[in-house]
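Chains as they are written, first to last, in our numbering: chain R, 258 to 415; chain U, 58 to 314.
Positions of the beta carbon are idealized from the N, C-alpha and C atoms, including for glycine.
All of these numbers come straight from a predicted model, not from anything done at the bench.
The structure appears below as structure tokens.
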């Protein structure tokens, strides 16, 4: 039996969290959304330690949506940690960041993120992103447009 | 005699030390502007999205004038996003690693043009890119930036109802290649031509395009990093010819930074 899908959103900016929650709600998301606001919290949550020990209140995530620019521990270190834990090998990690730097993209790929999404300016575009993500989680098929690109384009995010 | 020698050695040491200090100050400043630009994006996204939601979901409950204001906030945020992107592009150009290779300028120009035409509003432009231009020894991403920014300006700054016409040509000049982009745009007054390639320089108030000042600075920085030169000849009302001179010979790889 596959577990119910749980998405752990790792994001420190409160309005970004608010917009994503709203977008997932409008997209009719069928998974459970949990939020960790720092890199350290994300690791504690995933490990089920400390405040996150109760798995009925904090179910183990099947997917992680990871910001890169995080307090305490940067997103890429969180990713590196996740990939070093055998028990978490089945977890799907996507990066969602405002960085379009090719070095972030390259490191994200090397460390085993499945896709790299750039935070859109517009809520309408964010809603599309939420719908695609919901489809991915529901069907297990990664949207073709989210396969790794050769490089992140410098412009165009409306 | 010994004294003079000491002074000389001393002087050289001081020059080296100051140069190093200056370099690290520049690097710090570049990292600073990069961080600022990134951090500016987060609150800007909130401004954009909140006002967008205001328009789309609360629009009917707001008076016409209020809706208009909310839309102004959205478009202001979009302009600022463009500016931040240009700033980041500029700072990225100063930091990126370069990979020099022999390139056909017409291929790079054609590729840059393709991206521009898809988003072009207004009369369909006539762009002629000469074939068989002499090869240049350049970095592909930087050369792409050069064409992208020149061509984008050429398509944008034309008189009302005028079909933009641009020609990209080139010729060999000794160990260099001189590439030219001629347009039929509004032209640039002589007193502005010298300031054209500096960062953040705004030319006149009538241009409702916040990015212009940075874009030509991007070109200059890109060209300088490829050990070339650039410039402009222009006459108001008659169009402009932007030129770039780049090395045409293969150099030691990994070279200039």
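Residues sharing a beta bridge with residue i, DSSP
{"i": "residue 291(R)", "result": "265(R)"}
{"i": "residue 323(R)", "result": "267(R) and 352(R)"}
{"i": "residue 302(U)", "result": "235(U) and 286(U)"}
{"i": "residue 157(U)", "result": "196(U)"}
{"i": "residue 374(R)", "result": "353(R)"}
{"i": "residue 230(U)", "result": "233(U)"}
{"i": "residue 296(U)", "result": "292(U)"}
{"i": "residue 51(U)", "result": "Only positions 58 to 314 of chain U appear in the structure, and residue 51(U) is not among them; the question remains open."}
Residue i versus residue j: straight-line alpha-carbon distance, rounded
{"i": "residue 208(U)", "j": "residue 223(U)", "result": "8 angstroms"}
{"i": "residue 142(U)", "j": "residue 134(U)", "result": "12 angstroms"}
{"i": "residue 238(U)", "j": "residue 169(U)", "result": "13 angstroms"}
{"i": "residue 370(R)", "j": "residue 255(U)", "result": "40 angstroms"}
{"i": "residue 357(R)", "j": "residue 271(R)", "result": "21 angstroms"}
{"i": "residue 189(U)", "j": "residue 240(U)", "result": "20 angstroms"}
{"i": "residue 165(U)", "j": "residue 403(R)", "result": "26 angstroms"}
{"i": "residue 262(U)", "j": "residue 273(R)", "result": "Because residue 262(U) carries a pLDDT of 45, less than 50, the predicted location of this residue cannot be relied on, and the following value inherits that uncertainty. Their Cα atoms are separated by approximately 35 angstroms."}
{"i": "residue 278(U)", "j": "residue 101(U)", "result": "27 angstroms"}
{"i": "residue 120(U)", "j": "residue 302(R)", "result": "46 angstroms"}
{"i": "residue 242(U)", "j": "residue 194(U)", "result": "29 angstroms"}
{"i": "residue 272(U)", "j": "residue 204(U)", "result": "11 angstroms"}
{"i": "residue 184(U)", "j": "residue 284(R)", "result": "43 angstroms"}
{"i": "residue 220(U)", "j": "residue 289(U)", "result": "21 angstroms"}
{"i": "residue 17(U)", "j": "residue 311(R)", "result": "Outside the displayed range of chain U (58 to 314) lies residue 17(U), so it cannot be described from this structure."}
{"i": "residue 361(R)", "j": "residue 94(U)", "result": "16 angstroms"}
{"i": "residue 232(U)", "j": "residue 158(U)", "result": "15 angstroms"}
{"i": "residue 299(R)", "j": "residue 374(R)", "result": "19 angstroms"}
{"i": "residue 266(R)", "j": "residue 388(R)", "result": "15 angstroms"}
{"i": "residue 287(R)", "j": "residue 268(R)", "result": "20 angstroms"}
{"i": "residue 75(U)", "j": "residue 148(U)", "result": "23 angstroms"}
{"i": "residue 225(U)", "j": "residue 175(U)", "result": "19 angstroms"}
{"i": "residue 251(U)", "j": "residue 62(U)", "result": "43 angstroms"}
{"i": "residue 399(R)", "j": "residue 391(R)", "result": "10 angstroms"}
Proximity test, Cβ basis, 8 angstroms: residue i and chain R
{"i": "residue 105(U)", "result": "yes"}
{"i": "residue 262(U)", "result": "Interpretation of residue 262(U) is limited by its pLDDT of 45, a score under 50 that renders its predicted location unreliable; the figure taken from the coordinates is listed afterwards. Chain R contact via Cβ: absent."}
{"i": "residue 110(U)", "result": "yes"}
{"i": "residue 66(U)", "result": "no"}
{"i": "residue 196(U)", "result": "no"}
{"i": "residue 95(U)", "result": "yes"}
{"i": "residue 63(U)", "result": "no"}
{"i": "residue 135(U)", "result": "yes"}
{"i": "residue 98(U)", "result": "yes"}
{"i": "residue 138(U)", "result": "yes"}
{"i": "residue 102(U)", "result": "yes"}
Closer than 8 angstroms to chain U by CB, residue i
{"i": "residue 278(R)", "result": "no"}
{"i": "residue 324(R)", "result": "no"}
{"i": "residue 380(R)", "result": "yes"}
{"i": "residue 270(R)", "result": "yes"}
{"i": "residue 355(R)", "result": "yes"}
{"i": "residue 401(R)", "result": "no"}
{"i": "residue 376(R)", "result": "yes"}
Three-state class that DSSP yields for residue i in the structure shown
{"i": "residue 78(U)", "result": "helix"}
{"i": "residue 184(U)", "result": "strand"}
{"i": "residue 70(U)", "result": "helix"}
{"i": "residue 272(R)", "result": "helix"}
{"i": "residue 146(U)", "result": "helix"}
{"i": "residue 224(U)", "result": "strand"}
{"i": "residue 252(U)", "result": "coil"}
{"i": "residue 218(U)", "result": "coil"}
{"i": "residue 311(R)", "result": "coil"}
{"i": "residue 358(R)", "result": "coil"}
{"i": "residue 346(R)", "result": "coil"}
{"i": "residue 100(U)", "result": "helix"}
{"i": "residue 141(U)", "result": "helix"}
{"i": "residue 365(R)", "result": "helix"}
{"i": "residue 381(R)", "result": "helix"}
{"i": "residue 283(R)", "result": "helix"}
{"i": "residue 87(U)", "result": "helix"}
{"i": "residue 262(U)", "result": "The predicted model places residue 262(U) with a pLDDT of 45, which falls under 50 and marks its position as unreliable, so this point remains unresolved."}
{"i": "residue 245(U)", "result": "coil"}
{"i": "residue 65(U)", "result": "helix"}
{"i": "residue 168(U)", "result": "helix"}
{"i": "residue 218(R)", "result": "In the structure displayed, chain R extends from 258 to 415; residue 218(R) sits before or after that span and is not available."}
{"i": "residue 331(R)", "result": "coil"}
{"i": "residue 133(U)", "result": "helix"}
{"i": "residue 94(U)", "result": "helix"}
{"i": "residue 190(U)", "result": "coil"}
{"i": "residue 117(U)", "result": "helix"}
Three-pair Cβ contact test at 8 angstroms for the region 320–337 of chain R versus the region 361–371 of chain R: yes
Given 8 angstroms as the limit, is there contact between the region 81–88 of chain U and the region 348–357 of chain R, that is, 3 or more CB pairs closer than that? no
Using 8 angstroms as the cut-off, can you tell me whether the region 384–396 of chain R makes contact with the region 275–292 of chain R, which would need three or more C-beta pairs spanning the two stretches below that distance? Three or more Cβ pairs closer than 8 angstroms define a contact, and the region 384–396 of chain R meets that threshold against the region 275–292 of chain R.
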